[in-house]
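Quick notes on the structure that follows.
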Amino acid sequence: MADNSSSTTTLFSPYKLSNFNLSHRVVLAPMTRCRALNGIPNDALAEYYSQRSSSGGLLITEGTSISPSASGFPHVPGIYSEEQVEAWRNVVDAVHAKGGIIFCQLWHVGRASHSVYQPGGATPVSSTAKPLSKRWTILKPDGSFGPYSNPRALTTSEIPEIVEHYRQSAINAVRAGFDGIEVHGAHGYLIDQFLKDGINDRTDKYGGSLENRCRFLIQVVRAVVSAIGPERVGVRISPAIDHLDATDSDPLGLGLAVIERLNSLQKELGRKLAYLHVTQPRYTAYGKTEHGSKRDQEGVHLTRKLRIAYDGTFMCSGGFNRKLGMEAVARGDADLISFGRLFISNPDLPLRFKLNAPLNKYNRKTFYTQDPVIGYTDYPFLGKGSETELNARL
Ligand SMILES: Cc1cc2nc3c(=O)[nH]c(=O)nc-3n(C[C@H](O)[C@H](O)[C@H](O)COP(=O)(O)O)c2cc1C
8 MADNSSSTTT LFSPYKLSNF NLSHRVVLAP MTRCRALNGI PNDALAEYYS
58 QRSSSGGLLI TEGTSISPSA SGFPHVPGIY SEEQVEAWRN VVDAVHAKGG
108 IIFCQLWHVG RASHSVYQPG GATPVSSTAK PLSKRWTILK PDGSFGPYSN
158 PRALTTSEIP EIVEHYRQSA INAVRAGFDG IEVHGAHGYL IDQFLKDGIN
208 DRTDKYGGSL ENRCRFLIQV VRAVVSAIGP ERVGVRISPA IDHLDATDSD
258 PLGLGLAVIE RLNSLQKELG RKLAYLHVTQ PRYTAYGKTE HGSKRDQEGV
308 HLTRKLRIAY DGTFMCSGGF NRKLGMEAVA RGDADLISFG RLFISNPDLP
358 LRFKLNAPLN KYNRKTFYTQ DPVIGYTDYP FLGKGSETEL NARL
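With our numbering applied, the sequence shown corresponds to residues 8 to 401, in that order.
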C-alpha cells in the first residue's frame, strides 16, 4: 500500500506514482468521446487533452483500439497503425508541454460491437457466443441506436493473437511518447467478458474457475509488462459493475482473485505496477449516481476490501465530487481519484477543486457527438486571475 496516506492527505497532496511525481490526485478518467475521425487522433484531441493538463497531473486517455476489430463506437482512436502512432505524438506532446503525465487506455470491446464496426462486416468476438440482452443498444456510425450483433466465441487458439495486439499496442503507445498504458479490464468489454461468470460460459482453460477466468487478463498484463515494464502499466477492473450484462455471482471474490494474481506478479518481478484502477458501483450504466443509497454504501465497503488487499497504488472512480474525493483520500480508501463527467465540463477541474470554485454543468447530449469543439473543447475555464489567486493561497 502507498505510504503517504494520512488524515492530512487531501486531493492536493503530492503523490509518487511509479517514476512520476504527481502534484495532486485529481486524475482525468478515461472517456470515449468519438472525436478521432476515422480512428486517427487529430488537433481537437490535442486541444482537449491539453486543456485538461496540469503540471504533475495524470490523464488517462479514452479507450483506444488495439486492433481494427477492437472497436464498438464511432470514431474511437486506435494505436495499431503507424499513422495513429504519429498522430498520438501531437496529443502527447501537447500534454507534456504543460507538465502533464498521460497514460493510454488499451481497449477491445469484444461482443459490445456491431458488424458495422468490424473489418469486412465480420462477427464481433467474445468469450462467449451469447448476445447482449435487449436492454442494451449500440450507437451506430450514423448516430442511430440499434441492437448489438451476435458475437462468436474466440477459439482457444485465437486468444494469443489478441494478447499480442495488447503487447504491440503498449509498445506503440510508448513509441508515441505516452508515459504508460492502462489495460481496460472493466465495464463489460472483452477482458471483463472473460472475468465475469455471468458472461463467460467457456469450458476450456479460459472458463469456469476463477483461475481460468482471470487467465486472459493476467496474460495481457504479463505481455504488456514484458514489453514496457510494470511501472508503465495500470490495470482497470470493475468487479461490481453490471454494465453490458457484466454480472458476477461473487464480485468481491472476483476482485480479490484478480488482486491476488497482480500481487503475485509484482512479487515475482520485485517491481510494482503503476496502479490498480477500480470503478465503484456508485457509477451505474451511463453515469447515474446513487449517492447515499444502500448500494452505494455496499460499493464503498467492497472497494475498501479491494484496496486493503492490493499491494500498490489504488485509484478509484465513479460518482466522486470534491467532497467525496477529499474524504476518500483522507481515509486512505484511495491514493488517487479519477473524475469523469465533471472533467468533461471543467477543463480546469483540479484548479476549481483547489479553489473550491463553482463547476460548469456537463451536457450529456454531446458526450459522444463528433463536433471538434461543441461539448468538447468549448467548456469555459475559470476567469483570468484564478491562477494568480491560487498561487496566492499556496
Ligand atoms: C462519456 C463517457 C465515456 C466513458 N468512456 C470510458 C472509456 O472509454 N473507458 C473507461 O474505462 N471508462 C469510461 N467511462 C467511465 C469513466 O471512466 C468513469 O469511470 C465514470 O464516468 C464514472 O466517473 P464519474 O462519476 O466521475 O463520471 C466513460 C464515462 C463517460 C461519462
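Cβ coordinates follow ideal geometry from the N, Cα and C atoms, glycine included.
**Q.** Contact set, ligand 1 heavy atom to C-beta under 6 Å
**A.** ALA36, PRO37, MET38, THR39, GLU69, GLY70, GLN112, HIS191, ALA193, HIS194, ARG243, THR286, TYR290, GLY294, SER324, GLY325, GLY326, PHE327, PHE346, GLY347, ARG348, LEU349 and PHE374
Q: Quick one: which unbroken alpha helix (DSSP H) runs of 4-plus residues sit fully inside the region 8 to 69? Chain order, please.
A: 50 to 58
Q) Would you call the CB atoms of SER156 and SER120 closer than 9 Å? A) yes
Q: Please state whether DSSP places GLN112 in a helix, a strand or coil.
A: strand
Q: Measure the Cβ-Cβ separation of LEU35 and PHE388 and say whether it is below 9 Å.
A: no
Q: Could you pull out every residue in the same chain whose Cβ sits closer than 6 Å to the Cβ of SER60, ignoring the five residues on either side in sequence?
A: VAL102, LYS105 and GLY107
Q.
Looking at the strands, I want to know which residues DSSP matches up with GLY192.
A. ILE244
Q) Which residues does DSSP pair with LEU263 in a beta bridge? A) Answer by DSSP bridge pairing: none, since LEU263 is not bridged.
**Q.** Runs of beta strand (DSSP E) wholly within the region 76 to 130 (minimum 3 residues, chain order)
**A.** 108 to 114
Q. According to DSSP, what are the bridge partners of PHE283?
A. Position check: residue 283 holds Leu in this sequence, whereas Phe was assumed. For LEU283, which the question treats as bridged, DSSP gives the partners VAL242 and PHE321.
Q) In its own chain, which residues sit with a C-beta less than 7 Å from the C-beta of PHE19, not counting the 5 before and 5 after it? A) HIS31 and LYS361
Q.
According to DSSP, is GLY153 part of a helix, a strand, or is it coil?
A. strand
Q. Going by Cα to Cα distance, which pick from VAL240, GLY306, LEU272 and PRO154 is closest to PHE185?
A. VAL240
Q. Given a threshold of 16 other Cβ atoms within 10 Å of its Cβ, counted over all protein chains shown, does THR17 qualify as buried or as exposed?
A. exposed
Q) CA-CA distance, PRO75 and THR310? A) 34 Å
Q. If you check the beta carbons only, do PHE201 and ARG220 fall under 9 Å apart?
A. yes
(Q) Taking the alpha helix (DSSP H) that ILE169 belongs to, which residues open and close that run? (A) 166 to 182
Q. Span of the beta strand (DSSP E) holding LEU202?
A. Looking at the DSSP string, LEU202 is not in any beta strand (DSSP E); the run it does join, the alpha helix (DSSP H), is 197 to 202.
Q: Assign ARG142 to one of three DSSP states: helix, strand, or coil.
A: coil
Q. Excluding five sequence neighbours on each side, which residues of the same chain lie with their C-beta closer than 7 Å to the C-beta of ARG359?
A. ASN353, LEU366 and LEU389
Q. Do the region 141 to 152 and the region 225 to 245 make contact, defined as three or more Cβ pairs closer than 8 Å?
A. no
Q) Is the beta carbon of GLY70 sitting closer than 9 Å to the one on VAL98? A) no
(Q) Quick check on ALA335: does DSSP put it in helix, strand or coil? (A) helix
Q) Rounded to whole angstroms, how far is the Cβ of ILE235 from the Cβ of VAL181, which I believe are closer than 8 Å? A) 5 Å
Q. What did DSSP end up calling TYR383 once you bin it into helix, strand or coil?
A. coil
Q. Looking only at DSSP bridge pairs, what is LYS159 linked to?
A. Looking at the sequence shown, residue 159 is not Lys but Arg. According to DSSP, which records beta bridges pairwise, ARG159 is partnered with VAL132.
Q: Return the chain-ordered list of same chain residues with a C-beta closer than 6 Å to the C-beta of LEU161, the five sequence neighbours on each side being excluded.
A: VAL132
Q.
Assuming LEU65 and LEU24 are in contact, meaning their beta carbons sit under 8 Å apart, how far apart are those beta carbons, in whole angstroms?
A. 7 Å
Q: Assign ILE67 to buried or exposed, taking buried as 16 or more other Cβ atoms, counted over all protein chains shown, within 10 Å of its Cβ.
A: buried
Q.
Looking only at its chain, what residues have a beta carbon closer than 6 Å to the beta carbon of ASP204, apart from the 5 residues adjacent to it on each side?
A. ASP255 and SER256
Q) Is the beta carbon of THR286 less than 9 Å from the beta carbon of CYS323? A) yes
Q: Please name the residue in ASP378, GLN377, ILE344 and ASN363 whose C-alpha comes closest to that of VAL33.
A: ILE344
Q: Compare the beta carbon distance of HIS194 and ALA253 with 9 Å and say whether it is the shorter of the two.
A: yes
(Q) Quick check on DSSP: helix, strand or coil for THR376? (A) coil
**Q.** For ILE403, the three-state DSSP class (helix, strand or coil)
**A.** In this structure the chain extends from 8 to 401, so residue 403 is not present and cannot be described.
Q) Cβ of LEU251 within 9 Å of Cβ of ASP199? A) yes
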